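Residue numbers for the sequence shown follow numbering that gives the first Met the number 0, so the first one is 0 and each next one is one higher. Structure first, commentary second.
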Amino acid sequence: MTPYARRGVHGQTVETLARRVLSGEIPEGATLDLVALQSELDVSLTALRESLKVLAAKGMVDARQKRGTFVRARADWNLLDADVLRWQFAGGTSSDADLGLLRNLGEVRGIVEPAAVRLAARRRTDADLAELEAALAAMGDGGGEAAHAVEADLAFHRALLAATHNELLERMEMVIESGLAHRDQIVHSSPHGEDPVPSHRAVLDAVRAGDQDAAETAMRALLDQAVRDLDKVHGTPGDSDARDTGARGGDARGTTTDTKGAEAK
């Protein structure tokens, strides 16, 4: 799904309402008082209803006759939507909730990216390699600026998914980037993170060589480093199961095996 365009009063209203729902300030099942919200947010009723349509499209609210507009159960929310992820990270939630979401996304990366990098090693073109090389060069030329490091890292992983030449995997960038951008902002703003260039270089070298096994191993090492960096910043060790998923595969190893099987057919 295309990310929601954050523009003007309408965009601000959407984000304000979304963050209140995601933080639990407006709880699941609550019926919204549109007149009170209209007054509080100082927007027209039409603008408020249009904003709620955006949240309805993401499964967060619904409207029924005799009940009005209400917050749907969390199980109905599209939690993989890039906007929903971004709103959660930007919504002023507690650090524990923030860290928990980052770890969940880390587990998703541990399942998706090692399998994706195998496809990239098989299918990459010269143009793909050029994009990856450019992103890696930018990663090393940032002069320590967090914003530059974040954008370079996003560009690398975006190019890696594009190198799979699988439309559905390419769309995963919208899920992965939301968490990766937030994680990178935390890590690259801290003096505790490791230099990201060597681990990304190892991935690129294996992809360039067309070595699927080496590419997967390098990606798992990169993901393990990502866990270590986050642990250093927060001062607490990560969950061992999550670490196993990123570094050694866990259930993700089964996913990779399936991918190999699919390639052999």
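Note that beta-carbon positions come from the ideal geometry of N, C-alpha and C, so glycine has one too. Please read all numbers here as calculations on a predicted model, not as lab measurements.
Inter-residue CB distance, residue i and residue j (contact presumed, cutoff 8 Å)
{"i": "L54", "j": "A29", "result": "That belief does not hold up - the Cβ atoms of L54 and A29 are roughly 13 Å apart, past 8 Å."}
{"i": "A115", "j": "L79", "result": "Incorrect: roughly 16 Å between the Cβ atoms, too far for contact."}
{"i": "A81", "j": "V174", "result": "7 Å"}
{"i": "R71", "j": "V60", "result": "6 Å"}
Inter-residue Cα distance where the pair is residue i and residue j
{"i": "A126", "j": "A151", "result": "17 Å"}
{"i": "A220", "j": "R85", "result": "26 Å"}
{"i": "M218", "j": "A46", "result": "45 Å"}
{"i": "R66", "j": "A154", "result": "46 Å"}
{"i": "L51", "j": "H147", "result": "34 Å"}
{"i": "A205", "j": "A213", "result": "6 Å"}
{"i": "E39", "j": "T15", "result": "11 Å"}
{"i": "G109", "j": "R73", "result": "24 Å"}
{"i": "R242", "j": "G23", "result": "Its pLDDT being 44, under 50, R242 is placed unreliably by the model, and nothing is read from it."}
{"i": "G91", "j": "V149", "result": "Residue confidence for G91 is low, a pLDDT of 47 falling below 50, so the modelled location carries little weight; the figure read from the coordinates is stated next. Going from the Cα of G91 to the Cα of V149 covers about 20 Å."}
{"i": "D194", "j": "R227", "result": "12 Å"}
{"i": "D223", "j": "G99", "result": "16 Å"}
{"i": "H9", "j": "D210", "result": "49 Å"}
{"i": "N165", "j": "E132", "result": "20 Å"}
{"i": "G58", "j": "L135", "result": "37 Å"}
{"i": "R123", "j": "V186", "result": "29 Å"}
{"i": "W76", "j": "D41", "result": "27 Å"}
Within 8 Å, strictly: CB atoms of residue i and residue j
{"i": "T68", "j": "A119", "result": "no"}
{"i": "E215", "j": "P113", "result": "yes"}
{"i": "G139", "j": "A225", "result": "no"}
{"i": "H156", "j": "L179", "result": "yes"}
{"i": "L44", "j": "L33", "result": "yes"}
{"i": "L128", "j": "R182", "result": "no"}
For residue i, the residue or residues it bridges with in DSSP
{"i": "A69", "result": "According to the sequence shown, residue 69 is Phe rather than Ala. Answer is T30, D61."}
Local Cβ density within 10 Å of residue i, reported as buried at 16 or more and exposed below that
{"i": "P197", "result": "exposed"}
{"i": "R102", "result": "buried"}
{"i": "E144", "result": "exposed"}
{"i": "G253", "result": "Low per-residue confidence applies at G253: pLDDT is 39, beneath 50, and the placement is therefore not dependable, though the value from the model is reported in the following sentence. It counts as exposed."}
{"i": "L21", "result": "buried"}
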